[in-house]
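Heads up, the thing below is written out as structure tokens.
There are 2 protein chains.
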Amino acid sequence: MAPTRQTLFAATLCSGLGLLLASHLWAWDGVVEKQTFAIDSFTTQGGETIPDVTVGWEAYGELNDARDNVILITHFFSGTSHAAGRYDPDDELAGYWNAIIGPGKPLDTDEYYIISSDTLVNLNAFDPNVTTTGPASINPDTGEPWGMDFPVVTIRDFVEVQRELLESQGIESLHAVMGASMGALQAIEWASAYPDWVERLIPVIGSGVANPWLLATLSAWAAPIRLDANWNEGNYYDGEPPTDGLKEALKLVTLNANHWQWANDTFNRDWADEDRDPAKDINARYAIEQTLDDIAAARAEVSDANHFLYLVQANQTFMAGHGDSLEAGLAAIEAPTLMLYSEKDLIFPPEGVRRTAELIEADSTDVTLETLEGNRGHLDGVLSIDQASDTLREFLQ
Amino acid sequence: MAPTRQTLFAATLCSGLGLLLASHLWAWDGVVEKQTFAIDSFTTQGGETIPDVTVGWEAYGELNDARDNVILITHFFSGTSHAAGRYDPDDELAGYWNAIIGPGKPLDTDEYYIISSDTLVNLNAFDPNVTTTGPASINPDTGEPWGMDFPVVTIRDFVEVQRELLESQGIESLHAVMGASMGALQAIEWASAYPDWVERLIPVIGSGVANPWLLATLSAWAAPIRLDANWNEGNYYDGEPPTDGLKEALKLVTLNANHWQWANDTFNRDWADEDRDPAKDINARYAIEQTLDDIAAARAEVSDANHFLYLVQANQTFMAGHGDSLEAGLAAIEAPTLMLYSEKDLIFPPEGVRRTAELIEADSTDVTLETLEGNRGHLDGVLSIDQASDTLREFLQ
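Chains as they are written, first to last, in full-length UniProt numbering: chain A, 1 to 397; chain B, 1 to 397.
Spelled out as structure tokens, the structure:
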């Protein structure tokens, strides 16, 4: 968290960046400290009260004295607050948007205070770097995990927790809010609900409403969890969790978040086990199946099945402004908007992105649409974000 | 089955078609008789023996004396032999390609003998109009259902059963073989394995190999069945079948076989139950979820879960020619080929269709590629086939 003082020597090593860095006395060193933020009692948009809400957060760069250099990053379905940097310098992987967040990068930590928090019902409930409140949390009224008694929470509830976090730091405006996928929904909701806060809006691979295709896709994701006998209506915290169902759910997420070009470019028809021919053994399978299972199994280890179901619901219920009219919800947005998307996106198809842009633009709000290329489709919004570096740099100025 | 004599009066009612009809003494009346074909002992490509194989079949039009006016129709994953007509004149629905099969239609029953059979391991094992042999059939050696002891069967095995059926009728050549999706795989396999039989090849919404994307998609379809505790490693015939898992599997088929445009054009964000708001009730859902569930539940009633798994395997193992090389498998095809496909197909993406066309064409075999338009994607190959009527008529002459 704390910026590290750089020597002039280190700064000048950075050739073209030297002068820029030298004008600051410090630069963020890429090491992130995860912190927590607590709310004694949180009331959901649905009118339910949740005591002892705690979420994790992290920030890159320094909050200026005017507290007006804030960029809020909102995370995707299976994501966390970890958008950039490393918790430990030896961490193999940096945060998911590390390509665009850092000293001299488009989201320049020398200039901006970039903050991100774990949502409520964060999927990665058992990741030691994640703090969230959801069905796996203890309900202080019973001393037991909430399970399916946890109130339904919405994208707007995620926004409200973020607002309280920001206000706790004396922040009352956002230079920008930017997020991918479910993060785009939060960013759009921010700009719609709090137009006075949000100066720039950057929804990436997301649109203003969960359209019927997304409702059905999310429904399919949730199904394997409810099918797993271990799920037991959400009461599994003192027994075996529904790991098999959760793995299948996570496998669908991986498959849908990618494009068929990725699968066909990356994999072949190899068998998972070279001694077991799927044409002769009904339980034999292909390497791509095994790989997708292995990815899902690794993710399942730190994920909670009930949290998954609550995230599905939060995404399904999303419509900007949460009123009766998408048009009104998007017309409420006043911030200049940059929408980044993929024409190959199978979760938030381009038609919905363009419709969202049209409705934001309808009352003359500036909207820029830009595509991300790649063979990942939806995931290019996370993995190929550096393509938009110049656009982002310019848009943020 | 039996052609009905038409009066000259009826024929002349058909204006432009009058002369054509009058030149025949009969026309197929659209009523279909389902028949069965039995093989005492069938040996799979994998070298396993299945006694007492029986499949259903039906035909439209009359076999000519030269037995050279045959068009074989091969069915899709969830399909049956019922490509045209009605089993009973009062049936609400006709066969799936009724739009192009009939008197005066592109697949003209006044000219061709059009035959179609249920595959091995047909999904609709409990449909009274379907006859198939698979895991739900009794293994004569044990007197019990085969379950997962049934041998793995492949697309080539489906072709071999069809060949025996045709030979039983004295047929040794095909004016054309045409099929959609899994039917396209069978058609391609026919033309690759028996180039001397096949005079014209018409693969619709299918390609020459199950590419990695399809392997993964089929894997996702199978997963809910194996997750259902009632599946019990395939031993459920004397207890509760894994209906919930089968329903979810069938739901994924419906979703993947359509395009997002269909979902967004057809459905809205209505709740399934107007009194239960998904933003307040974690078990509440949207109308589109309920509709997809209802469709799946209706299909599950006549479907068998193990048959579903065997069909998944048959599709996954498919590569034309079943050798080591797709190039060789497709080069073996000599029949002029008409490939109909959708640019929006999410099961057999257009890239794979075009690649198949290139490989068939590589040794100068004629290939025509034509797209089907619509908002269904893959399913436009079934539902929008009439768009290709003129092309089909010309190609078959």
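Beta carbons are placed, not taken as given, at the ideal position from N, Cα and C, and that holds for glycine.
- By the neighbour-count criterion, in which a residue is buried when 16 or more other Cβ atoms sit within 10 angstroms of its Cβ, B:N264 is buried.
- Counting only Cβ-Cβ distances below 7 Å, A:K280 has contacts in chain B at G46 and V152, in chain order.
- One thing to note: B:Q186 has its Cβ no nearer than 8 Å to the Cβ of B:T317.
- In the structure shown, B:D277 adopts coil according to DSSP, grouped into three states.
- Close partners of A:E289 in chain B (Cβ separation under 7 Å): L215, A216 and S219.
- Non-local C-beta neighbours of B:L246 in its own chain, meaning closer than 7 Å and more than five positions away in sequence, comprise I225, A300, S303, A305 and F308, ordered along the chain.
- Residues of the same chain with a CB within less than 6 Å of the CB of A:V32, apart from the 5 flanking positions on each side, are E58, G85 and Y87 in chain order.
- For B:S41, the enclosing beta strand (DSSP E) starts and ends at Q35 to T43.
- Counting only runs of 3 or more residues that sit fully inside the stretch 275 to 346 of chain A, the beta strand (DSSP E) segments are 337 to 341, in chain order.
- Within chain B, the residues A229 have their CB atoms less than 7 Å from the CB of A:A229, given in chain order.
- Against chain A, the beta carbon of B:M148 has neighbours under 9 Å at I282 and N283, listed in chain order.
- Assignment of A:E358 by DSSP, reduced to helix, strand and coil, places it in the helix class.
- Taking the Cα positions, A:I295 is about 31 Å away from A:P106.
- By the Cβ-count criterion, A:R200 is buried, with 16 or more other Cβ atoms from all chains shown falling within 10 Å of its own Cβ.
- Put simply, of A:D52, A:T36 and A:D68 the residue whose alpha carbon is nearest the alpha carbon of A:L396 is A:D68.
- In this structure, the beta-carbon distance from A:Y113 to A:L63 falls below 8 Å.
- When Cβ-Cβ separations below 8 Å define contact, A:Q313 makes contact with chain B.
- Taking a contact to require three or more Cβ pairs closer than 8 Å, the stretch 42 to 60 of chain B and the stretch 151 to 168 of chain B qualify as touching.
- Looking at the backbone, the Cα of A:V70 and that of A:T266 are separated by about 39 Å.
- Membership of A:L379 in any beta strand (DSSP E) is not indicated, and neither H nor E is assigned to it by DSSP.
- Between the alpha carbons of B:S207 and A:S384 lies a distance of about 30 Å.
- If you draw a straight line from the Cα of A:N235 to the Cα of B:D273, it comes to about 25 Å.
- Rounded to the nearest angstrom, the Cβ distance from B:S81 to B:S117 is 5 Å, consistent with a contact under 8 Å.
- The Cβ of A:F267 sits closer than 8 Å to at least one Cβ of chain B.
- Among the CB atoms of chain A, one or more fall inside 8 Å of the CB of B:P349.
- With respect to the 8 Å criterion, B:G329 and B:M319 are classified as neighbours on the basis of their beta carbons.
- For B:S117, there is no enclosing alpha helix (DSSP H); the residue is found in the beta strand (DSSP E) stretching over Y113 to S117.
- Of the candidates B:A298, B:V253, B:Y237 and B:L227, B:L227 places its Cα closest to the Cα of A:P242.
- If you look at B:L165, you'll find it in the alpha helix (DSSP H) that goes I155 to S168.
- Taken in chain order, the complete alpha helix (DSSP H) segments of 4 or more residues contained in the stretch 211 to 263 of chain B are 212 to 227 and 243 to 257.
- Excluding five sequence positions before and after B:L218, the CB atoms of its chain that fall closer than 8 Å to its own CB belong to A210, V312, N315 and Q316, given in chain order.
- DSSP, read as helix, strand or coil, puts B:T49 in strand.
- Interface criterion met: the Cβ of A:E248 is under 8 Å from a Cβ in chain B.
- Of the residues A:V382, A:S41, A:A94 and A:S389, the one whose Cα lies closest to the Cα of A:A180 is A:V382.
- At a cut-off of 8 Å, the C-beta of B:Q316 has a neighbouring C-beta in chain A.
- Of all residues in the stretch 232 to 248 of chain B, the ones placed with a Cβ closer than 7 Å to any Cβ belonging to chain A are D244, G245 and E248, in chain order.
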